[in-house]
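Visitor:
Protein chains: 2
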Amino acid sequence: MYADHFSIDNIPFGIGSSEFHSRETVVTRLEDTVFFLDELAEAGVFKILKDETVKTFSEPTVNNFAALQKSEQLATRKAIQALFANGLESLRSLPPQSYSSIAETRLYLPLAIGDFTDFSCSRDHVLNASEAVFKKRELPPGFEYFPVGYTARTSSIVISGTKIKRPKGQYRDGEKVVFGPTRRLDYELEVACVIGKGNKLGDSIRVEDADEHIFGLVLLNDWSARDIQGLEMNPLGPLNGKSFSTSISPWIITLEALAPFKAQAPKKNPDIEVASYLQDSDSRSSYSIDLSASIESKVSTDTICTTNFDTLYWTLRDLVAHQTVNGCNLNTGDLLATGTVSGTTAESHGCLMEMAASGGVQVSSGKGESLKKMWLEDGDIVRLVGKAGPGVGFGDCKGEIVAAQS
Amino acid sequence: MYADHFSIDNIPFGIGSSEFHSRETVVTRLEDTVFFLDELAEAGVFKILKDETVKTFSEPTVNNFAALQKSEQLATRKAIQALFANGLESLRSLPPQSYSSIAETRLYLPLAIGDFTDFSCSRDHVLNASEAVFKKRELPPGFEYFPVGYTARTSSIVISGTKIKRPKGQYRDGEKVVFGPTRRLDYELEVACVIGKGNKLGDSIRVEDADEHIFGLVLLNDWSARDIQGLEMNPLGPLNGKSFSTSISPWIITLEALAPFKAQAPKKNPDIEVASYLQDSDSRSSYSIDLSASIESKVSTDTICTTNFDTLYWTLRDLVAHQTVNGCNLNTGDLLATGTVSGTTAESHGCLMEMAASGGVQVSSGKGESLKKMWLEDGDIVRLVGKAGPGVGFGDCKGEIVAAQS
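Heads up: the sequence lines are chains A and B, in that order.
Quick note: the first sequence uses numbering that gives the first Met the number 0, first residue 0, plus one each step.
Quick note: the second sequence uses numbering that gives the first Met the number 0, first residue 0, plus one each step.
(1) Alpha carbon to alpha carbon, what distance is there between B/Asn-85 and B/Pro-389?
(2) Cβ closer than 9 Å: which chain B residues qualify as neighbours of A/Ser-154?
(3) So, is the C-beta of B/Met-232 closer than 8 Å to a C-beta in chain A?
(4) Should the segment 234-254 of chain A be called in touch with the segment 104-123 of chain A, which here means at least 3 C-beta pairs below 8 Å?
(5) Which word fits A/Gly-378, buried or exposed, when buried means at least 16 other C-beta atoms lie within 10 angstroms of its C-beta?
(6) Where does A/Phe-118 fall in DSSP's three states?
(7) With a 10 Å radius around its C-beta and 16 neighbouring C-beta atoms as the bar for buried, classify A/Pro-269 as buried or exposed.
(8) Let me check one thing: in DSSP terms, what residues is A/Val-430 bridge-paired to?
(9) In this structure, how does DSSP classify B/Val-340 when only helix, strand and coil are distinguished?
(10) I'd like to confirm the pairing. Which residues does DSSP put opposite A/Tyr-98 in its beta bridges?
(11) Restricting to Cα atoms, I'd like to know which of A/Ile-227, A/Ser-119, A/Lys-54 is closest to A/Thr-75.
(12) Can you pull the chain A neighbours of B/Val-147, defined as C-beta to C-beta under 7 Å?
(13) Inspect the beta-carbon positions of A/Tyr-98 and A/Gly-392 and report whether they are closer than 8 Å.
(14) Under DSSP, the alpha helix (DSSP H) around B/Glu-23 begins and ends at which residues?
(15) Within 10 angstroms of the Cβ of B/Leu-73, are there 16 or more other Cβ atoms? Answer buried if so, exposed if not.
(16) Are the segment 319-334 of chain B and the segment 262-278 of chain B touching by the rule of at least three beta carbon pairs closer than 8 Å?
(17) When you measure from the CB of B/Leu-335 to every non-hydrogen atom of the ligand ATP, does any distance come out below 7 Å?
(18) In this structure, how does DSSP classify B/Arg-382 when only helix, strand and coil are distinguished?
(19) Assign B/Ser-203 to one of two classes, buried (16 or more other C-beta atoms within 10 Å of its C-beta) or exposed (fewer than that).
(20) Quick one: residues in its chain with C-beta nearer than 8 Å to the C-beta of A/Ala-78, no 5 flanking neighbours on either side, listed in chain order?
(21) Whole-angstrom Cβ separation of A/Leu-315 and A/Ile-213, contact assumed at under 8 Å?
(22) When the cut-off is 8 Å and only beta carbons count, does B/Phe-214 lie next to chain A?
(23) Below 8 Å, can you find three or more Cβ-Cβ pairs linking the segment 192-200 of chain B to the segment 327-341 of chain B?
(24) Would you list the one or two residues that DSSP bridges to B/Leu-184?
(25) I'd like the list of long-range same chain contacts for B/Thr-116, defined as Cβ closer than 8 Å, with 5 residues on each side in sequence excluded.
(26) Using CA coordinates, which residue listed in B/Thr-60, B/Gly-113, B/Lys-366, B/Asn-307 is at the minimum distance from B/Phe-12?
(27) Among B/Phe-19, B/Arg-182, B/Gly-367, B/Asn-307, which residue has its Cα nearest to the Cα of B/Thr-339?
(28) Does DSSP put B/Asn-9 in a helix, a strand or coil?
(29) Please classify B/Val-434 as buried or exposed, where buried requires at least 16 neighbouring CB atoms within 10 angstroms.
(30) Are the segment 343-351 of chain A and the segment 115-130 of chain A touching, with three or more C-beta to C-beta distances below 8 Å?
(31) Let me check one thing: in DSSP terms, what residues is B/Cys-327 bridge-paired to?
(32) Counting only Cβ pairs nearer than 7 Å, list the residues of chain A close to B/Ala-274.
(33) May I ask which residues mark the beginning and end of the alpha helix (DSSP H) holding B/Gln-72?
(34) Using CA coordinates, which residue listed in A/Phe-19, A/Glu-18, A/Phe-35, A/His-20 is at the minimum distance from A/Val-26?
(35) So is B/Pro-140 in contact with chain A if we call contact Cβ pairs under 8 Å?
(36) Quick test of your reading: B/Ile-112 and B/Arg-28, contact by CB under 8 Å. State the CB separation rounded to the nearest angstrom.
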């Protein structure tokens, strides 16, 4: 699946193992075939690279590769592209432990993640969320000045495909506060950037230099229990409504693969003078990435959101500059996520909460009719998909809801 | 200093090095002398312990020791106490690399910290904060139902003594939003528990079992830039107003050392029925720990807060139960902090914000007069001290404010 996301122009990085390569190490992918970089090195593919680069291919996370100089990462990409230049058929002579089909590969969380910040970059999402919760379309006070965000849990970040257990918590039921499994389980369609090279505590990263610190991007589903979140988040933000699980896609798509899809971010509010550290001389610092979410239930599969990354008010470069302007240090493997990516139309709302006010999202009943769905049910599979353009995509990030602990 | 905090009844754990023991490994302390556990093992002190326990003494963090069964940790404590039983003079025969004076020991961040949650356990603090910000004494909606908290940054957690650079950020100046060094730099007097044994994603820890998962406690200063925090925290909570630095004390004080100082937490609001997972059969599940904060400026040193841990509405056991009730997994080394520990009187306010409405905190001018201080200035040293009782204390957690990056 998604073979057309992984052409020679993509060259993603992840962590995998297979029957013939039982150790979890760094992998890449061409169409539906996964390649183990440590074995390609053995086969002489990476003679041009430094030893310290090749060493990172044998590790159980992509972190040390992501921390390398961009020039070494680029040389790796080019060496892999040279290997792939004559197509998959030409690669059958490689040793059998050096590749496996995607169906026969097990993929793992590709990163050791030290910190995870979830920002709120979509103007449409925050307006829709404000309407859903407060019945008025209001931006948070800081929204047009800087990317508003919160620190999120890292221990419960899981790889796509991991089942998501319905969390328990406290929430309002009319005037009463009750405890039980969430009744308002939601997904959030997001993208996160993976930090490559970090910065020292006390230093800041200029917005113009931010790309030097971004290794690549992943899809991220910020599962949310809206009722638990609603009671707890005033005034310190969400905690138990979010911390039960966050899913990311297995493949990290590099900035180099995404470069042809650079795009302009929406115009900023001209009445607000943005602080100097967020004034980016590169006007095309966003990316055009088609994003979608679907729900597969027992009776039907429905695409419930189609949107694009380039609708986001703040760019990934802005996130890096803002997060470090106070001297906060980023480490390799940290995630900075965009928050829900929503567009202006009802078809482009990146979470269910935004649809709740209008009675839910339209799905098929499985009997040729349609009905409205408010929240995720046990057994639902949510699948996020991202594709930048021909041959370059993220594949998917999926998770199935399972019943709460009894 | 603080020799009387570290009697034979304490036996704290930390990470240190010295001239004769250059590797950073696990240390304990008796009065003003620090002992390297790996060298004590070489000297035959820990023959009773399992090999895997002794191995943890050579590591650069306390994590693996903290993850052991409590029985092994207790056996370690008892073996150290047996060694110390005849006083410091009796220990001069130990090899010179096995100990050093506290003045000649370098101490390090004792933990690899995966996640850090900062809760808000003090009723007085939230009422005072509400008054300072909103001019009304109101509890957050969830406060009496569960410990409200937020996920905080781990990358910028530093060891006591590390200088704290004044952060830059955006904040309101009248009607305008401006960017610059914070004008409202504050400290927060807190205590955090260190997670020993973790739990699996999807599982919960019962409040009655929480002590099995708490290795010990540290002092924590949650440095806060109130102006930056004020603009950003609606609705997702604090980010850049906090993430620039958090200090912790070097010594982890175990629950065993604190056991004699167990105390009753304040009575809960009888009108609120607390959820079952927060009903603790142990009514003495808090601790009596005297806490203080002082500011040393160029002209004077003033104690600006004296309070006690036992004033907190929610206990550390409550924090563990609440954080995991949604299936969130805790890992060894995670920190769960109490939030600012304030009492009912003006002398027991654990941060400057609570004093701002009344014109600031009273300090000496250095010329026999007193004046009011609103916020921290460059050069100020904030020192937190915690002492549970005779022979058992935390020492201090200090930090000096240095000027913002030009």
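Backbone N, C-alpha and C fix where the C-beta goes; we use that ideal spot for every residue, glycine too.
Since this is a predicted model, take the numbers as computed values, not measurements.
Guide: Quick look at the numbers:
(1) 18 Å
(2) Gly-113, Asp-114, Gly-197, Leu-200, Cys-327, Asn-328, Leu-329, Asn-330, Asp-333
(3) Among the CB atoms of chain A, one or more fall inside 8 Å of the CB of B/Met-232.
(4) yes
(5) Result: exposed.
(6) The answer is strand: DSSP assigns A/Phe-118 an E or B state.
(7) exposed
(8) Outside the shown range of chain A, which is 0 to 405, sits residue 430 of chain A, and nothing can be said about it.
(9) coil
(10) A/Phe-34
(11) A/Lys-54
(12) Under the 7 Å cutoff, chain A gives Glu-231, Leu-235.
(13) no
(14) Here B/Glu-23 belongs to no alpha helix (DSSP H); instead the beta strand (DSSP E) covers 20-29.
(15) exposed
(16) yes
(17) Within the structure as shown, the ligand ATP is missing, as the structure has no ligands at all.
(18) strand
(19) buried
(20) Val-44, Phe-45, Ile-47, Leu-48
(21) About 6 Å; that satisfies the 8 Å criterion.
(22) By this cut-off, B/Phe-214 is not an interface position.
(23) Remark: three or more beta-carbon pairs, one from each stretch, lie closer than 8 Å, so the segment 192-200 of chain B and the segment 327-341 of chain B are flagged as touching.
(24) B/Ala-224
(25) Same-chain partners within the cutoff: Gly-148, Tyr-149, Thr-150, Ala-151, Leu-318, Gln-322, Asp-333, Leu-334, Leu-335, Ala-336.
(26) The residue among B/Thr-60, B/Gly-113, B/Lys-366, B/Asn-307 with its C-alpha nearest the C-alpha of B/Phe-12 is B/Thr-60.
(27) B/Asn-307
(28) coil
(29) Look at the range of chain B in this structure, 0 to 405, and you will see that residue 434 of chain B is not part of it.
(30) yes
(31) Bridge partners of B/Cys-327: none, in fact.
(32) Here the neighbours are Gln-169, Phe-178.
(33) Looking at the DSSP string, the run of the alpha helix (DSSP H) that includes B/Gln-72 is 69-83.
(34) A/Phe-35
(35) yes
(36) Contact between B/Ile-112 and B/Arg-28 is absent: CB atoms are separated by about 21 Å, not below the 8 Å threshold.
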